[in-house]
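Heads up: the sequence lines are chains A and B, in that order. Numbering-wise (my numbering), the first sequence opens with residue 12 and increments by one. Numbering-wise (my numbering), the second sequence opens with residue -1 and increments by one. Glycine residues also receive a C-beta, built at the ideal position from the N, C-alpha and C atoms. Just so you know, these numbers come straight off a predicted model, no measurement behind them. In what follows, a single structure is set out as structure tokens and then discussed.
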Amino acid sequence: MLAFAFRRLLSAIPTLLVLLALSFALIRVAPGGPFDAEKQIPPEIQERLNEVYHLDEPLYQQFGRYLVGLAQGDFGPSFQYKDYTVTELIAAGFPVSLKLGGLAMLLALFVGVSIGTLAALKQNSRTDHAVMGVAMTGISIPNFVLAPLLVLVFAVTLRWLPAGGLGDWRNLVLPVISLALPQIAYIARLTRGSMIEVLRSDFIRTARAQGLPTLEIILGHALKPALVPIVSYLGPATAGIITGSVVIEQIFGVPGLGRYFVQGALNRDYTLVMGIVVFYGVLIIAFNFFVDLAYRWLDPRVKL
Amino acid sequence: MSAPAKGRSLWDDAWDSLRRNRAAMTAITIMAIVVALVLFAPLLSPYSIDSTDWDRISIGPSASTSHWFGTDDVGRDLFVRTLYGGRISLLVGLAATLVSLVIGITWGATAGYAGGKVDQFMMRIVDVLYAMPFMFFVILLMVFFGRNIFLIFIAVGAINWLDMARIVRGQTLSLKKKEFIEAARAGGVSSFNIVRRHIVPNLLGVVIVYVTLTIPQVILVESFLSFLGLGVQEPMTSWGALVNDGAQAMETAPWALIFPATFLAVTLFCFNFIGDGLRDALDPRDRREG
Chain A
12 MLAFAFRRLL
22 SAIPTLLVLL
32 ALSFALIRVA
42 PGGPFDAEKQ
52 IPPEIQERLN
62 EVYHLDEPLY
72 QQFGRYLVGL
82 AQGDFGPSFQ
92 YKDYTVTELI
102 AAGFPVSLKL
112 GGLAMLLALF
122 VGVSIGTLAA
132 LKQNSRTDHA
142 VMGVAMTGIS
152 IPNFVLAPLL
162 VLVFAVTLRW
172 LPAGGLGDWR
182 NLVLPVISLA
192 LPQIAYIARL
202 TRGSMIEVLR
212 SDFIRTARAQ
222 GLPTLEIILG
232 HALKPALVPI
242 VSYLGPATAG
252 IITGSVVIEQ
262 IFGVPGLGRY
272 FVQGALNRDY
282 TLVMGIVVFY
292 GVLIIAFNFF
302 VDLAYRWLDP
312 RVKL
Chain B
-1 MSAPAKGRSL
9 WDDAWDSLRR
19 NRAAMTAITI
29 MAIVVALVLF
39 APLLSPYSID
49 STDWDRISIG
59 PSASTSHWFG
69 TDDVGRDLFV
79 RTLYGGRISL
89 LVGLAATLVS
99 LVIGITWGAT
109 AGYAGGKVDQ
119 FMMRIVDVLY
129 AMPFMFFVIL
139 LMVFFGRNIF
149 LIFIAVGAIN
159 WLDMARIVRG
169 QTLSLKKKEF
179 IEAARAGGVS
189 SFNIVRRHIV
199 PNLLGVVIVY
209 VTLTIPQVIL
219 VESFLSFLGL
229 GVQEPMTSWG
239 ALVNDGAQAM
249 ETAPWALIFP
259 ATFLAVTLFC
269 FNFIGDGLRD
279 ALDPRDRREG
């Protein structure tokens, strides 16, 4: 297991380097630099600025400098929010996004696995068709369409819940649901498929023959093997929730990383935007690493 | 004299199976109606995409003024705008899928057919790219290089080829061992021609299924970008852009949100159902999956 973890960790290094190189290259090719002001800068000052910010060095040295900075947790200063470093902004925004995304993920897993199992137990019944119909709707309605509709119904018309902002738990209900619904749909479909397969296998038939109650068969025997495809879906699900949070935070006015990203992109705050991309990229790579470990634990036959 | 018995090809079987799938057939019918509406219906309206009706700003749907879906906050007709938006959304869906198709098939078939070290290296690249937060890169490209519709095609197509490459490679690996490929190789056909003439045509079934499932994903990405204001620009529009406009005006003019949102959702719904139906019909391995 340890050797496996080590090998897997090594294979994450090229991925990480490609991520950093791509993000560095993107900043470099972006038209317009931070010092392109309206007024003409005298050439001596321009030279001095380039020197201070190391823009006169060859590219590979600049890239090295960028890597060393990142390794020390230094994403550089923000161009837009004066007096803040990008690291400070990420530290401010991430807990908010984490709360939102984490709750959405938990909700998606719990509801998705439950209704998927239910559908598998009653295959081809009305319950099954209803669950799969809802799942298809969840996949087909993008969350940036769903979110305004939810606001229209529950905030504007019924006035049950606030339409946005950040306060107590009631502010979280609509964004978390909007974020979780597409994932609930995917997880329910995956669970149904794998659960049907597991329920057909011999060891479940044996358990049934011994007269175990259905609930115990599901929880004690069928759930672990049936969860294998769901665990491997956790990586894409996390990426989906992170991407979704970009629009959801925008719609509900939640001051998380996704909102900083959109504002930063529109304001051409290059360092902030790249900082967030690198931060999330590293997060996804790390997450995939742990998912692979969990995968291996669930299904020892897996070789990666 | 009876006519000689007709053989049943894979395609005959698939067509029969698809025809029996009520959900898929309904989806195909609805999709045909949506496409017909998007192509021809704007001609029926007296309004054009950017003409403003100053006397009727933000009015609800009304048949008497021919504003069947109402107007937006500058008096533009939403019926016409929704359907023109649909043209853009569907066009992006098809064009970007084509881009991902070409890259994905070429990459996957080459890797699968070459096998060995080449295969390992090529698929390793796919793995690495898979872990990239591409949506963020696409947003940045849009911001840096302007909101150009061709850039959307390429950017979105460039993300979506990864799945296609993996599927095509898997299929190629299993096809490679079949006798007819062996026969072609024994007959002295070049590798390039084997891939082009024998491998790629046999991948068609799987590819069609994934094309149907890629189109809604691509439409979704375009809508996502347009929703953030980074997709198509005024006076042109797309469903995502219209949903964004509608969401901002929904308290006073809910119809501006509901009509484009419905069209977008129905289209995605239909593509997903058609894709599922085609998968059941053409890809027997996945038959049990939801």
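Tell me, please, which residues DSSP counts as bridged to residue i.
i	result
Arg203/A	Partner(s): none; Arg203/A has no beta bridge.
Thr96/A	Pro88/A
Glu74/B	Looking at the sequence shown, residue 74/B is not Glu but Arg. Per DSSP, Thr50/B.
For residue i, I'd like the list of residues in its chain whose CB is within less than 7 Å of its CB, leaving aside the five on either flank, ordered along the chain.
i	result
Leu139/B	Leu149 and Ala153
Arg285/B	Unreliable placement is indicated for Arg285/B, whose pLDDT of 42 sits below 50; no coordinate value is reported for it.
Gly75/A	none
Ile57/B	His65, Gly68 and Thr69
Gln134/A	Ile207
Glu55/A	none
Met(-1)/B	With a pLDDT of only 49 at Met(-1)/B, under the threshold of 50, the placement of this residue in the model should not be trusted; the figure read from the coordinates follows. Around Met(-1)/B: no qualifying Cβ.
Ile47/B	Val78, Arg79, Tyr82 and Pro233
So residue i packs on residue j, CB below 8 Å; how close in whole Å?
i	j	result
Val187/A	Leu114/A	5 Å
Val97/A	Leu283/A	5 Å
Ile146/B	Pro214/B	Residue 146/B is actually Asn in this sequence, not Ile. Wrong, their Cβ atoms sit about 23 Å apart, outside the cutoff.
Ile137/B	Leu276/B	About 32 Å; that fails the 8 Å criterion.
Tyr82/B	Pro44/B	Between Pro44/B and Tyr82/B the Cβ distance is about 15 Å, and since that is not below 8 Å, they are no contact.
Ala94/B	Val209/B	So it is not a contact: roughly 11 Å between Cβ atoms.
Ile198/A	Val124/A	6 Å
Gly185/B	Ser98/B	That pair is no contact at about 33 Å.
Phe261/B	Val32/B	7 Å
Leu134/B	Phe35/A	This sequence places Phe at residue 134/B; Leu is not what is there. Not a contact, Cβ separation roughly 14 Å.
Ala131/A	Leu210/A	6 Å
Gly319/A	Gln194/A	Chain A is shown from 12 up to 315; residue 319/A falls before or after that span and cannot be answered.
Phe15/A	Arg219/A	With 8 Å as the limit, Phe15/A and Arg219/A do not qualify as a contact, their Cβ atoms being about 35 Å apart.
Val141/B	Leu228/B	7 Å
Ser221/B	Gly244/B	In fact, because the Cβ distance is near 12 Å, the residues do not count as touching under 8 Å.
Short of 8 Å in beta carbon distance, which residues of its chain neighbour residue i, apart from the five on each side in sequence? Order them along the chain.
i	result
Ile259/A	Leu111, Asn154, Phe155, Ala158, Pro186, Ser189, Leu190, Val265 and Gly269
Ile296/A	Ala23, Thr26, Leu27 and Leu30
Leu160/B	Gly102, Val124, Leu127 and Tyr128
Leu92/B	Ile213
Leu88/B	Val33, Val36, Ile217 and Thr265
Arg178/B	According to the sequence displayed, residue 178/B carries Phe and not Arg. If we look at Phe178/B and ignore the five residues flanking it on each side, its Cβ neighbours are His196.
Gln261/A	Gly269, Arg270 and Val273
Pro224/A	none
Pro131/B	none
Val293/A	Leu27 and Leu30
Identify, in the order they occur along the chain, each residue of the same chain with its Cβ nearer than 6 Å to the Cβ of residue i, setting aside the five sequence neighbours on each side.
i	result
Asn299/A	Gly246
Ala259/B	Val241
Thr235/B	Arg79 and Gly83
Gly275/A	Leu283 and Val284
Leu13/A	none
Pro240/A	Leu201 and Ser205
Glu287/B	Because Glu287/B carries a pLDDT of 40, less than 50, the predicted location of this residue cannot be relied on, and no value is offered for it.
With hydrogens ignored, establish whether the beta-carbon of residue i is closer than 7 Å to any heavy atom of the ligand MN.
i	result
Ile272/B	In the structure on display, the ligand MN does not appear, and there are no ligands present to speak of.
Go through the stretch 88 to 126 of chain B residue by residue and report every complete run of the alpha helix (DSSP H) that reaches 4 residues or more, in order.
Listed in chain order, the alpha helix (DSSP H) elements of length 4 or more contained wholly in the stretch 88 to 126 of chain B amount to none.
Minimum length 4: unbroken alpha helix (DSSP H) runs contained in the stretch 118 to 174 of chain A:
Restricting attention to alpha helix (DSSP H) runs no shorter than 4 residues, the stretch 118 to 174 of chain A encloses them at 137 to 151 and 154 to 161, ordered along the chain.
Any contact between the stretch 286 to 300 of chain A and the stretch 30 to 39 of chain A? By contact I mean 3 or more CB pairs, one from each, below 8 Å.
In the pairwise beta carbon analysis, the stretch 286 to 300 of chain A is classified as touching the stretch 30 to 39 of chain A: at least three pairs are separated by under 8 Å.
Can you list the alpha helix (DSSP H) stretches of 4 or more residues lying completely in the stretch 202 to 260 of chain A, in chain order?
With a minimum length of 4 residues, the continuous alpha helix (DSSP H) runs that stay inside the stretch 202 to 260 of chain A are 213 to 220 and 234 to 237.
Inter-stretch contact at 8 Å, needing at least 3 Cβ pairs: the stretch 264 to 275 of chain B / the stretch 150 to 166 of chain A
The way I'd put it, the stretch 264 to 275 of chain B does touch the stretch 150 to 166 of chain A; three or more beta-carbon pairs between them come closer than 8 Å.
Touch test, the stretch 103 to 117 of chain A against the stretch 182 to 201 of chain A, Cβ-Cβ under 8 Å, three pairs minimum
Cβ pair count under 8 Å is three or more, so yes.
Would you check if the stretch 300 to 311 of chain A and the stretch 239 to 251 of chain A touch, i.e. whether three or more CB-CB distances between them fall below 8 Å?
Contact between the stretch 239 to 251 of chain A and the stretch 300 to 311 of chain A is present, because at least three Cβ pairs lie under 8 Å.
Cβ contact (3+ pairs, closer than 8 Å) linking the stretch 202 to 215 of chain A and the stretch 231 to 238 of chain A
Put simply, the stretch 202 to 215 of chain A touches the stretch 231 to 238 of chain A. At least three CB pairs are less than 8 Å apart.
Can we say the stretch 157 to 171 of chain B touches the stretch 196 to 213 of chain B, given the rule of at least three CB pairs closer than 8 Å?
Yes: the two stretches touch, three or more of their Cβ pairs being nearer than 8 Å.
Is there contact between the stretch 198 to 206 of chain A and the stretch 164 to 176 of chain A, where contact requires at least three CB pairs shorter than 8 Å?
The stretch 164 to 176 of chain A and the stretch 198 to 206 of chain A do not touch, with fewer than three beta-carbon pairs separated by less than 8 Å.
May I have a chain-ordered list of the alpha helix (DSSP H) segments no shorter than 4 residues that lie completely inside the stretch 156 to 213 of chain B?
Correct list: 177 to 184.
Is the stretch 246 to 256 of chain B touching the stretch 69 to 81 of chain B in the sense that three or more CB pairs, one from each, lie closer than 8 Å?
Flag = yes, the stretch 69 to 81 of chain B and the stretch 246 to 256 of chain B touch.
For the 8 Å Cβ check, are there 3 or more pairs between the stretch 96 to 115 of chain B and the stretch 192 to 200 of chain B?
The stretch 96 to 115 of chain B is in contact with the stretch 192 to 200 of chain B.
Pick out the complete alpha helix (DSSP H) segments inside the stretch 215 to 264 of chain B, 4 residues or longer, and give them in chain order.
Listed in chain order, the complete alpha helix (DSSP H) runs (minimum 4 residues) inside the stretch 215 to 264 of chain B are 237 to 246.
Along the chain, which unbroken stretches of the alpha helix (DSSP H) at least 4 residues long are found entirely within the stretch 20 to 45 of chain B?
The qualifying runs are 20 to 38.
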